[in-house]
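All remarks here apply to the structure that follows.
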Amino acid sequence: AQNISLLQALDLILAIKTQTCGTRAKHTYSYLVRNLSQWLHDHNYQNLKPADFNKQIAMLYFDYLITQKKFSNRTYNNHLIGLRTLFNSLVERDYLDFNVLQKLKKIKTGDVAICTYTPAEKNLIREQLPLINPPLYLAALFVYYCFIRPAELVRLQFKDVLINRGCVLVPAHKSKNKRNQAVIMPDFLKDLYLAMDYDKQNPDWYIFSNNFNLTPGPTQIAPTRIAGAWQKDVQNRLEIKKGIYLLKHTGVGELFEAGADARNIQMQMRHASLDETQIYLNKFAQMPSNSLNEFYKGF
Numbered sequence: 399a400q401n402i403s404l405l406q407a408l409d410l411i412l413a414i415k416t417q418t419c420g421t422r423a424k425h426t427y428s429y430l431v432r433n434l435s436q437w438l439h440d441h442n443y444q445n446l447k448p449a450d451f452n453k454q455i456a457m458l459y460f461d462y463l464i465t466q467k468k469f470s471n472r473t474y475n476n477h478l479i480g481l482r483t484l485f486n487s488l489v490e491r492d493y494l495d496f497n498v499l500q501k502l503k504k505i506k507t508g509d510v511a512i513c514t515y516t517p518a519e520k521n522l523i524r525e526q527l528p529l530i531n532p533p534l535y536l537a538a539l540f541v542y543y544c545f546i547r548p549a550e551l552v553r554l555q556f557k558d559v560l561i562n563r564g565c566v567l568v569p570a571h572k573s574k575n576k577r578n579q580a581v582i583m584p585d586f587l588k589d590l591y592l593a594m595d596y597d598k599q600n601p602d603w604y605i606f607s608n609n610f611n612l613t614p615g616p617t618q619i620a621p622t623r624i625a626g627a628w629q630k631d632v633q634n635r636l637e638i639k640k641g642i643y644l645l646k647h648t649g650v651g652e653l654f655e656a657g658a659d660a661r662n663i664q665m666q667m668r669h670a671s672l673d674e675t676q677i678y679l680n681k682f683a684q685m686p687s688n689s690l691n692e693f694y695k696g697f
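Our numbering puts the sequence shown at residues 399 to 697.
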């Protein structure tokens, strides 16, 4: 361990993470190591030993991320958190006595504005997307009504949809929060599901498969396949420059505006606590309500 460089140690940790982490985490860790490695090379630190990576050098690197790479505060903080995890692994393997990145503080970030789809954009999607790409439209409804993330959607199998009980199970091993939970499946979503004969599919097949086609199949696909299909058929073809996950914000906002109980919204969002949901809903409380349009008359 004394003869190995920081770059070699990080490559070793990255190789371990590649074997033990999910696809998304592997890409993130590879990105973090690639950025730091390039900076170390550019500043002649390529032979630096792990123990010699001190706070001063760390600060130089993170100052570079702000001044040269133009990282936002939030991106900066995510970068710091990710590298802390990698350096913790160096400590566990005795390449370091302590994690110097723990001394660096995160930067304060402001509230992220909630972005939603407008009624006109929703209407266009509702009218055109079923004709262009029915499976993608179904995926959109799962996000809009059930608040299921694209990364979770690609893991869902037909056996997870309990059509007779009107709910969708999100098993712990398929969920971001690693808990077994169920969400309500509204009638409009159930009707479309049945109209597509999805209740007659192989229970072990994935609802969204076959790469960008998103048709049922036996193979799990990457979440980027849903994002890619959305970019092609909605962002480019329909010229609505918003991502599919904003449909979650839209659905939550409309429930909130319609007066839905915060506890019910919490259960549908699968939040661990009501406080977590309330923080989310407070952002909508700061936005003007679309219902005001009903009161405006012609000038």
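Ideal placement from N, C-alpha and C gives every residue a C-beta, glycine not left out.
Residue(s) in a DSSP beta bridge with residue i
{"i": "Ala580", "result": "Leu567"}
{"i": "Tyr604", "result": "Gln555 and Gly615"}
{"i": "Leu560", "result": "Cys565"}
Three-state class that DSSP yields for residue i in the structure shown
{"i": "Arg547", "result": "coil"}
{"i": "Gly480", "result": "helix"}
{"i": "Gly626", "result": "helix"}
{"i": "Lys639", "result": "coil"}
{"i": "Ala449", "result": "helix"}
{"i": "Phe469", "result": "coil"}
{"i": "Tyr443", "result": "coil"}
{"i": "Ala620", "result": "coil"}
{"i": "Lys574", "result": "coil"}
{"i": "Ile663", "result": "helix"}
{"i": "Asn433", "result": "helix"}
{"i": "Asn401", "result": "coil"}
{"i": "Asp585", "result": "helix"}
{"i": "Gln599", "result": "coil"}
{"i": "Gly657", "result": "coil"}
{"i": "Gly420", "result": "coil"}
{"i": "Tyr694", "result": "Only weak support is given to the placement of Tyr694: the predicted model assigns it a pLDDT of 48, under 50, and the question is left unresolved by the model."}
For residue j and residue i, the rounded distance between their alpha carbons
{"i": "Lys574", "j": "His669", "result": "11 Å"}
{"i": "Glu674", "j": "Ile402", "result": "44 Å"}
{"i": "Ser689", "j": "Ala656", "result": "Bear in mind that the predicted position of Ser689 carries a pLDDT of just 49, short of 50, making it too unreliable to give a figure here."}
{"i": "Lys415", "j": "Ala620", "result": "18 Å"}
{"i": "Cys513", "j": "Gly649", "result": "11 Å"}
{"i": "Ala413", "j": "Thr617", "result": "26 Å"}
{"i": "Glu490", "j": "Thr418", "result": "16 Å"}
{"i": "Leu536", "j": "Lys681", "result": "27 Å"}
{"i": "Leu644", "j": "Ile523", "result": "13 Å"}
{"i": "Thr516", "j": "Pro601", "result": "36 Å"}
{"i": "Ile677", "j": "Asn562", "result": "34 Å"}
{"i": "Met665", "j": "His571", "result": "18 Å"}
{"i": "Gly626", "j": "Phe610", "result": "7 Å"}
{"i": "Tyr493", "j": "Leu408", "result": "10 Å"}
{"i": "Tyr591", "j": "Asn662", "result": "23 Å"}
{"i": "Pro533", "j": "Gln526", "result": "13 Å"}
{"i": "His477", "j": "Asp597", "result": "43 Å"}
{"i": "Tyr462", "j": "Leu587", "result": "48 Å"}
{"i": "Asn486", "j": "Ala593", "result": "51 Å"}
{"i": "Pro584", "j": "Phe540", "result": "10 Å"}
{"i": "Leu458", "j": "His439", "result": "14 Å"}
{"i": "Ser470", "j": "Ile624", "result": "26 Å"}
{"i": "Lys501", "j": "Lys453", "result": "7 Å"}
{"i": "Asn521", "j": "Val632", "result": "12 Å"}
Start and end residues, alpha helix (DSSP H) containing residue i
{"i": "Met457", "result": "Lys453 to Thr465"}
{"i": "Arg668", "result": "Run containing Arg668: none; DSSP gives neither H nor E here."}
{"i": "Phe610", "result": "Taken as a continuous stretch (DSSP letters only), Phe610 belongs to no alpha helix (DSSP H), as it is neither H nor E."}
8 Å Cβ cutoff, residue i in contact with chain E
{"i": "Cys565", "result": "Note that chain E does not occur in the displayed structure, where there is just one protein chain."}
**Message:** Threshold first: 4 residues or longer. Then list the alpha helix (DSSP H) segments lying entirely within the stretch 488–544, N to C.
**Reply:** Within the stretch 488–544, the complete alpha helix (DSSP H) runs of at least 4 residues are 517–530 and 532–544.
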